[in-house]
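Protein chains in written order, with the numbering used here: chain P, 692 to 934; chain Z, 16 to 245; chain D, 169 to 402; chain G, 1179 to 1236. Have a look at the structure below before the remarks.
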Amino acid sequence: MGETPLTGNALEVRGLTRAFGARKALDKVDFDLPEGAFLSIFGPNGAGKTTLVKILTTLLNPSAGSVRVCGLDVVTDAVELRHKIGLISHNPLLYADLTAEENLLFFAEMYGIPDAEERVRELLESVELDHRRLDLTRTFSRGMLQRLSIARALLHRPDILFLDEPYSGLDPHAMDILDTLIAQIRGEHTFVMISHDLSKGLELCSHALILANGKVVMFDERDAIDEAAFRETYRATVGMGVA
Amino acid sequence: MNRTKIARLMLALGGVLTTAAFFMTFFWANASTFPDGRIDFGQKIFYFHVPVAEASFLVFFFTAFYGVKFLMTKDRRFDTRAKIATEVTLLFVLLTMATGILWTKVAWGVWWLWEPRLTTYFILTLLVIAYFVLRNSVEDEERRAVYASAFGILAFIDAPISFFITRWAESVHPVVLAGGEGSGLETPMLITFIVAQVGMLMLGYAFYEMRLHEEEIKERLEALKVTVGG
Amino acid sequence: MASASWRQFKAILRKDLVMEMRTHEMITSMGLYAILTMVVYQIALTEAGEALDVRLVMPGLIWVAFIFMSLLGLNRSFVHEKDQGCIDALLLSPVDRPVIFFAKFSGNLLFLLAVEVLSLPVFAFLFLQGREGISNPIWLLGVVMLAASVGISGVGTLLATMTVNTSGKDILLAVVFVPLMYPLLRAAVGATFAAVIGGPGSIETFWSWMAWVAGFDVIMLLVAFGLYEFVIGA
Amino acid sequence: MQDIYSQVMPQAPYVVVAYGLIWVGLIGYVALVFSRLKKIEKEISVVESAVKRREKSE
Chain P
692 MGETPLTGNA LEVRGLTRAF GARKALDKVD FDLPEGAFLS IFGPNGAGKT TLVKILTTLL
752 NPSAGSVRVC GLDVVTDAVE LRHKIGLISH NPLLYADLTA EENLLFFAEM YGIPDAEERV
812 RELLESVELD HRRLDLTRTF SRGMLQRLSI ARALLHRPDI LFLDEPYSGL DPHAMDILDT
872 LIAQIRGEHT FVMISHDLSK GLELCSHALI LANGKVVMFD ERDAIDEAAF RETYRATVGM
932 GVA
Chain Z
16 MNRTKIARLM LALGGVLTTA AFFMTFFWAN ASTFPDGRID FGQKIFYFHV PVAEASFLVF
76 FFTAFYGVKF LMTKDRRFDT RAKIATEVTL LFVLLTMATG ILWTKVAWGV WWLWEPRLTT
136 YFILTLLVIA YFVLRNSVED EERRAVYASA FGILAFIDAP ISFFITRWAE SVHPVVLAGG
196 EGSGLETPML ITFIVAQVGM LMLGYAFYEM RLHEEEIKER LEALKVTVGG
Chain D
169 MASASWRQFK AILRKDLVME MRTHEMITSM GLYAILTMVV YQIALTEAGE ALDVRLVMPG
229 LIWVAFIFMS LLGLNRSFVH EKDQGCIDAL LLSPVDRPVI FFAKFSGNLL FLLAVEVLSL
289 PVFAFLFLQG REGISNPIWL LGVVMLAASV GISGVGTLLA TMTVNTSGKD ILLAVVFVPL
349 MYPLLRAAVG ATFAAVIGGP GSIETFWSWM AWVAGFDVIM LLVAFGLYEF VIGA
Chain G
1179 MQDIYSQVMP QAPYVVVAYG LIWVGLIGYV ALVFSRLKKI EKEISVVESA VKRREKSE
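So, in structure tokens, the structure goes:
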């Protein structure tokens, strides 16, 4: 999609530390993720998952270490990098008092997308919301909001998509739709997903990472993982104190 | 000599100097008189009121200074310093207000007057209090530090306004040290004032260092607890 | 780059205007507040009766109304950004942080000015009938209102960005905002007084107060602008 | 002498209270900080010795 320098790696995280005083949200995190991979990040509350994603999406700066996303440094190339990342959160990140179309057009303006109206119409069709495009998103169900927020995240054709517990609060039907949508776009993007749901996270991923107390407890390819042992490791981290 | 020792020394010296100034005030400095020749005993308040006020401006400067440093480095230690500086400012500001109100009653016959210096200093007091109200209502530590730094910088803009207002606006507040006709002090008065001023600044520095020492121990304690817990 | 920032500025401002047109949240609450303030003023002034020349206290009274009114609007202005985490989506997009500051600031300024312009005639209608009007040209009032509102919105936008993330945000904004605004308000009341009462030398007095207002605007806007990037990223 | 007293006396209470407040404020603050310092130094020695004991037993 974008003209990413061909490092082959979508993520390169080196010695990433994020600390404030004695408290370390992330402590010397290291890993690489190849392009086109699907990474699931697991870990108990307070393990540093959200901090990690915030740093990868340029919302927070690292205290130490270097982080490259799509070959771009998250600190020095932040503005350029933002063109290449999309975020789907459990929060819809949409304005309740704007219509579906206005929401997307607003973000299209922010990204400077050419032929914005065309692109917005195309996306609304693909998430099957074109019939509701003139309705305020205030009136939308949870599932519809999530679909619209996927459309918002895909607007600028990002190279890498971040999913922050996208399944939480969805009913089974909405979950199915989200599954289908992810499957459709799977080939074109790199994915990074935070998940509480082990089965779901393992089912989708190509790489898995467990964080606890800001440290990487485990990072491996899906194929190399023995599921029973993985579940055991994960369970052990939940017992680790939330510092 | 380490910082703690310097701080203890400063505390002792500051204590000696302020105590000396206290005795000089009553037994050495010339009695100030009204134009009609009566003794102005209330003027004695000046020897401590003004040093505390000047010290409060100076310490408040460090709130803004460390606020800027914190925002540039995001190093928590600078936020701690800014917080302590503001705390010492609060102490000094309250003492200035208390002595000021008493002097106002003696000199002007009322407890309070909405005149420029008093008003702006009152605003400064509110700003220093607001700084702590703001700190207390932010949950996240880093966010608290950022907001407090930003507010400290904004609030400090009011300090020079309060300091210089007696020179700019029509104010009945005396301008003793600015020179000009009718101002100025006789030598024993000036020396007493300077001793009190120096002592007060030393005390301010000592307070600051002592509190910093306390905060550093607290941080070490926190770090230890994290390692033990992990 | 500059054209991209301009486009983003317009987009954010337009979005805020569209949402305000739809919900009337800020304008209605601020407008109602202004009317209610006047009712309270009536109570406060009633015993003084005809003996009191309302024109002497009017400059102070309108700025009391405006400052508290602006608090109401500023508190609202970041709530919908926060509601569904929209601020994160905004920060994720390739926009320079100062652009967000200027867009939100412009929106707040427009809403504040709109309510000020609407409530001033009501004030005059309720309190100044049968009395002497405004002595100096009325556009002088416009100058003070515009200049002081710039300062109010500028610092207010920065502080509201902070207080929206705190517990007890409504009261906290007042606690940090009103003392910071003191120099500006003092000068604004001085200028308004000079404009309303008139008399010899009043025009000079007006402009010397306006110099204070302008100085405050410049200093505070620069500082607020410089601090915004840190505050919104926190 | 009598004359001086009659001039000074009405102003004296305010001056006394002013200096009283200053001394109470300054000394009170020092006392407060020192007492807190003592407490926290005690606490840290407790934690430190606990850490040492653990390190030994490991």
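Positions of the beta carbon are idealized from the N, C-alpha and C atoms, including for glycine.
Inter-residue spacing [alpha-carbon to alpha-carbon] between residue i and residue j
i: Ala701(P); j: Met884(P); result: 14 Å
i: Thr34(Z); j: Ile138(Z); result: 30 Å
i: Asp94(Z); j: Leu395(D); result: 15 Å
i: Glu1219(G); j: Val312(D); result: 57 Å
i: Pro203(Z); j: Val210(Z); result: 11 Å
i: Glu188(D); j: Val929(P); result: 45 Å
i: Lys1216(G); j: Thr88(Z); result: 32 Å
i: Gly693(P); j: His774(P); result: Confidence in Gly693(P) is poor, its pLDDT being 43 and thus under 50, which makes the residue's placement too unreliable to answer from.
i: Thr134(Z); j: Tyr350(D); result: 10 Å
i: Tyr925(P); j: Cys896(P); result: 16 Å
i: Leu185(D); j: Glu249(D); result: 14 Å
i: Arg823(P); j: Thr191(D); result: 20 Å
i: Gly194(Z); j: Thr140(Z); result: Residue placement at Gly194(Z) is poorly supported in this model, since its pLDDT is 49, which falls under 50; the coordinates are not used for a value here.
i: Ala379(D); j: Arg53(Z); result: 43 Å
i: Thr78(Z); j: Ala97(Z); result: 4 Å
i: Glu372(D); j: Ile320(D); result: 24 Å
i: Leu772(P); j: Ser1223(G); result: 49 Å
i: Leu308(D); j: Leu348(D); result: 25 Å
i: Met909(P); j: Val720(P); result: 11 Å
i: Val318(D); j: Ile873(P); result: 47 Å
i: Asp155(Z); j: Lys715(P); result: 14 Å
i: Gly366(D); j: Asn304(D); result: 6 Å
i: Glu196(Z); j: Ile99(Z); result: Summary for Glu196(Z): the model assigns pLDDT 47, below 50, so the residue's position carries little reliability; its value from the coordinates is reported in the next sentence. Between Glu196(Z) and Ile99(Z), the C-alpha separation is close to 39 Å.
i: Ala402(D); j: Ala160(Z); result: 9 Å
i: Phe75(Z); j: Ala174(Z); result: 8 Å
Chain-ordered chain D contacts of residue i [CB-CB under 7 Å]
i: Asp788(P); result: Met187, Arg190, Thr191, His248
i: Leu105(Z); result: Near Leu105(Z) there are no residues of chain D at all, since even the closest Cβ is about 14 Å away, more than 7 Å.
Residue i CB to nearest heavy atom of the ligand COA below 8 Å
i: Ile1205(G); result: This structure simply doesn't include the ligand COA, nor any ligand for that matter.
Contacts of residue i in chain P (Cβ-Cβ under 8 Å)
i: Glu156(Z); result: Phe711, Gly712, Arg714
i: Lys183(D); result: Tyr786, Leu789, Glu793, Phe797
i: Ala179(D); result: Phe797, Glu800, Met801
Nearest-angstrom beta carbon gap, residue j and residue i [assumed within contact, 8 Å]
i: Leu707(P); j: Cys254(D); result: Not quite, the Cβ-Cβ distance comes to about 27 Å (not below 8 Å), so this is no contact.
i: Gly905(P); j: Gly756(P); result: Between Gly756(P) and Gly905(P) the Cβ distance is about 12 Å, and since that is not below 8 Å, they are no contact.
i: Leu271(D); j: Phe798(P); result: Leu is not the amino acid found at residue 271(D); the sequence shown has Ala there. At roughly 14 Å, the Cβ-Cβ gap does not stay under 8 Å, so Ala271(D) and Phe798(P) are not in contact.
i: Gly219(Z); j: Val103(Z); result: 6 Å
i: Gly241(D); j: Met194(D); result: 5 Å
i: Val143(Z); j: Thr111(Z); result: 11 Å between Cβ atoms; not a contact.
i: Pro227(D); j: Phe361(D); result: 4 Å
i: Gly1203(G); j: Leu106(Z); result: 7 Å
i: Leu352(D); j: Val399(D); result: Actually they do not touch by this definition, with Cβ atoms about 20 Å apart.
i: Gly834(P); j: Ile868(P); result: 7 Å
i: Ala22(Z); j: Glu224(Z); result: 3 Å
Under 7 Å by beta carbon: chain P residues contacting residue i
i: Ala238(Z); result: Ala713
i: Gly253(D); result: Ser780, Asn782, Leu784
i: Arg262(Z); result: In the structure as shown, chain Z starts at 16 and stops at 245, and residue 262(Z) therefore has no counterpart that could be examined.
Neighbour list for residue i in chain Z, Cβ cutoff strictly below 7 Å
i: Leu1204(G); result: Leu218
Neighbouring residues, chain Z, relative to residue i (Cβ below 9 Å)
i: Glu1233(G); result: Going along chain Z, no residue has its Cβ under 9 Å from Glu1233(G), so there is no contact; the nearest lies around 10 Å.
i: Thr367(D); result: Looking at the sequence provided, one finds Gly at residue 367(D) rather than Thr. Chain Z residues near Gly367(D): none, gap ~18 Å exceeds 9 Å.
i: Leu1210(G); result: By Cβ distance, chain Z contributes nothing, its closest Cβ being about 10 Å from Leu1210(G), past 9 Å.
Within chain Z, partners of residue i - CB distance below 8 Å
i: Asn243(D); result: None at all; the shortest Cβ gap to chain Z is about 14 Å.
Chain-ordered chain G contacts of residue i [CB-CB under 9 Å]
i: Ala113(Z); result: Val1195, Ala1196, Leu1199, Ile1200, Gly1203
Amino acids of chain G, ordered along the chain, whose beta-carbon sits closer than 7 Å to that of residue i
i: Phe233(Z); result: Sequence inspection shows Lys at residue 233(Z); the Phe mentioned does not correspond to that position. Under the 7 Å cutoff, chain G gives Ile1218.
Within chain D, the residues that residue i reaches when beta carbons sit closer than 9 Å
i: Phe72(Z); result: Near Phe72(Z) there are no residues of chain D at all, since even the closest Cβ is about 16 Å away, more than 9 Å.
Original post:
Touch check for the region 317-331 of chain D and the region 239-247 of chain D: three-plus C-beta pairs under 8 Å?
Top reply: The region 317-331 of chain D is in contact with the region 239-247 of chain D.
Original post:
Counting pairs of beta carbons, one from the region 176-184 of chain D and one from the region 764-781 of chain P, are three or more of them closer than 8 Å?
Top reply: Between the region 176-184 of chain D and the region 764-781 of chain P, the count of Cβ pairs shorter than 8 Å is below three; the stretches do not touch.
**OP:** For the region 160-170 of chain Z and the region 715-729 of chain P, state whether three or more C-beta atom pairs, one from each stretch, are separated by less than 8 Å.
**Re:** Inter-segment contact for the region 160-170 of chain Z and the region 715-729 of chain P is absent: fewer than three beta-carbon pairs are separated by less than 8 Å.
Original post:
Hey, is the region 255-275 of chain D in contact with the region 212-225 of chain D, meaning 3+ C-beta pairs nearer than 8 Å?
Top reply: No contact exists between the region 255-275 of chain D and the region 212-225 of chain D.
**OP:** Scan the region 34-106 of chain Z and note each continuous beta strand (DSSP E) run of 3 residues or more that stays entirely inside, going in chain order.
**Re:** None, since the region 34-106 of chain Z contains no complete beta strand (DSSP E) of that length.
Original post:
Which runs of the alpha helix (DSSP H) fall wholly inside the region 725-753 of chain P and span at least 4 residues, in chain order?
Top reply: You should have 740-747.
Original post:
What runs of the beta strand (DSSP E), each 3 residues or longer, lie entirely inside the region 875-903 of chain P?
Top reply: Complete beta strand (DSSP E) runs here, min 3: 881-885, 898-903.
**OP:** Please determine if the region 1186-1199 of chain G and the region 58-75 of chain Z are in contact, where contact requires at least 3 C-beta pairs separated by less than 8 Å.
**Re:** Segments in contact, yes.
**OP:** Kindly confirm or deny that the region 875-884 of chain P and the region 847-862 of chain P touch, where touching means at least three C-beta pairs closer than 8 Å.
**Re:** Short answer: they touch.
Original post:
With contact counted as at least three CB pairs below 8 Å, one residue from each stretch, are the region 143-152 of chain Z and the region 1226-1233 of chain G in contact?
Top reply: No, the region 143-152 of chain Z does not touch the region 1226-1233 of chain G.
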